[in-house]
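Heads up, the thing below is written out as structure tokens.
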Ligand code: AMP
Ligand code: ZN
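In this note's numbering, the protein residues as written are 13 to 479.
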């Protein structure tokens, strides 16, 4: 079945065909490891995971690079402010390498909890200083870069066209308040490739331009080129990367190799909170740990991400996330019911469901549509092992770890039933002992409204979450 993916560069959804027949080469802009990644960041990596899984489902093998930004990402994407790593190091009274190691470990721990596949190559910026320096030298040689007292800058006017990824008008940018008025720059929108380190700067390297450090954009161009070559298939990131970071990556690669590095650029929209911006300064960013404290497990957050297409904004609310937690439990219980049953189902029906699912994921990763099909199968009145197998097939793309359903449910059983529910069960027990059947039925209905089915067994009452 044809796989269609959107391309920010052409603003079109087109059939995906890799440069090589079987292997897909992808580059993803990874985290800046100066603090805990929040759930907004993880929306970007859930999208990355879906893309990987869909490509693999279509029979491709992947060569996927993700960078770890551990130097050079200034507070503003437009060359202003302090290096985020250094700022965190000062605040936490550690050196930037300790900061990077600590938050990188936690980032990958959280990726694991989300069952997100690790890219084949994870590349740290600080381990690629030489490649970046060579890239900058080449840009100078090719006439695209020049030196000022602050560093090495990219000369935008040397390009045939800039910008090409965003609709951003340079005049708007010039007129905007945030334009750097550095008189040494040839064009106001020239950006830093390499930055001369001030005296107190911790992360700095010997270079032809003195003790200095790389700008943020150069790391992705240099590492992409090193591992994937001058041209590769897909470049991913968040929508915030479009106007500056990715635009500048393209400029750098064109100046160095003459090529736009990736054929297709894919961007995930933002996760919002309560309909507005999510930002550390507003105190409304959440980590996976904070969600877990409220009873929302990481995989429920992953399921929550599937409620919106990756190219639309997604609004985070705790009510929404709690609903996803319940949905995940229902999905697991449905899976088990199918697994334990043996009713006959025509293979054609199974095939039809699978075709519809693949059609949805292959239509630019339409996960909300795909989830609709997943639920049709999960909730099917006919309980059949064939449907359980089909759900496991879907899970190759969903990555919800359905194969370990029993373990999750056992863990869940061990967790306490909410106090309110326990109280109702106790009241019902007393009613039954008193042969007050009307009261017993009333409480049973009340529990049903609250999402629990009560069964009366020889051992007493048992409850199940309604699927
Ligand atoms: P950073 O660690 O700041 O470099 O960001 C890591 C990734 O998270 C980038 O791909 C960003 O585009 C993405 N990102 C940051 N905030 C959000 C958000 N609220 N929603 C979705 N993606 C985000
Ligand atoms: Zn990048």
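All C-beta atoms in this analysis are idealised placements derived from N, C-alpha and C, irrespective of residue type, glycine included.
This structure is a prediction, so every number in the text was calculated from the model and none was measured.
Just reading off the beta strand (DSSP E) that residue i is part of, what are its end residues?
i, result
"residue 78", "73 to 80"
"residue 244", "244 to 250"
"residue 466", "464 to 469"
"residue 330", "Element bounds for residue 330: not the beta strand (DSSP E) but the alpha helix (DSSP H), 330 to 351."
"residue 157", "157 to 159"
"residue 277", "274 to 280"
So is residue i buried or exposed if we call it buried at 16+ other beta carbons inside 10 Å?
i, result
"residue 94", "exposed"
"residue 359", "exposed"
"residue 379", "buried"
"residue 100", "buried"
"residue 4", "This structure cannot settle anything about residue 4, because the visible part of the chain is limited to 13 through 479."
"residue 452", "buried"
"residue 31", "exposed"
"residue 189", "With a pLDDT of only 47 at residue 189, under the threshold of 50, the placement of this residue in the model should not be trusted; the figure read from the coordinates follows. The residue is exposed, with fewer than 16 neighbouring Cβ atoms inside 10 Å."
"residue 434", "exposed"
"residue 52", "buried"
"residue 374", "buried"
Is it the case that the Cβ atoms of residue i and residue j are separated by a distance below 8 Å?
i, j, result
"residue 67", "residue 278", "no"
"residue 324", "residue 371", "no"
"residue 268", "residue 150", "yes"
"residue 410", "residue 365", "no"
"residue 318", "residue 235", "no"
"residue 290", "residue 283", "yes"
"residue 252", "residue 36", "no"
"residue 203", "residue 92", "no"
"residue 50", "residue 228", "no"
"residue 465", "residue 478", "yes"
"residue 156", "residue 173", "no"
"residue 386", "residue 399", "no"
"residue 287", "residue 341", "no"
"residue 390", "residue 347", "yes"
For residue i, which residues does DSSP report across the bridge?
i, result
"residue 226", "206"
"residue 44", "81"
"residue 17", "26"
"residue 285", "288, 328"
"residue 37", "75"
"residue 476", "465"
"residue 194", "According to DSSP, residue 194 bridges with nothing at all."
"residue 300", "DSSP output for residue 300 lists no bridge partner at all."
"residue 86", "95"
"residue 217", "224"
"residue 396", "354"
The alpha helix (DSSP H) that contains residue i, what's its start and end?
i, result
"residue 163", "Segment 163 to 166 is the beta strand (DSSP E) holding residue 163; no alpha helix (DSSP H) there."
"residue 362", "359 to 373"
"residue 133", "Counting along the chain, residue 133 falls outside any alpha helix (DSSP H), though it belongs to the beta strand (DSSP E) covering 133 to 136."
"residue 387", "379 to 390"
"residue 445", "431 to 445"
"residue 266", "259 to 269"
With a CB to CB cut of under 6 Å and the five nearest residues on each side skipped, what residues in its chain are close to residue i?
i, result
"residue 381", "372"
"residue 44", "81, 85, 96"
"residue 175", "259"
"residue 220", "none"
"residue 28", "15, 17"
"residue 460", "none"
Excluding the five sequence neighbours on either side, which residues of its own chain have a C-beta within less than 7 Å of the C-beta of residue i, listed in chain order?
i, result
"residue 209", "216, 223, 224, 225"
"residue 458", "436"
Ignore the nearest five residues each way along the sequence and tell me which others in residue i's own chain have a CB closer than 8 Å to its CB.
i, result
"residue 72", "30, 34, 35, 36"
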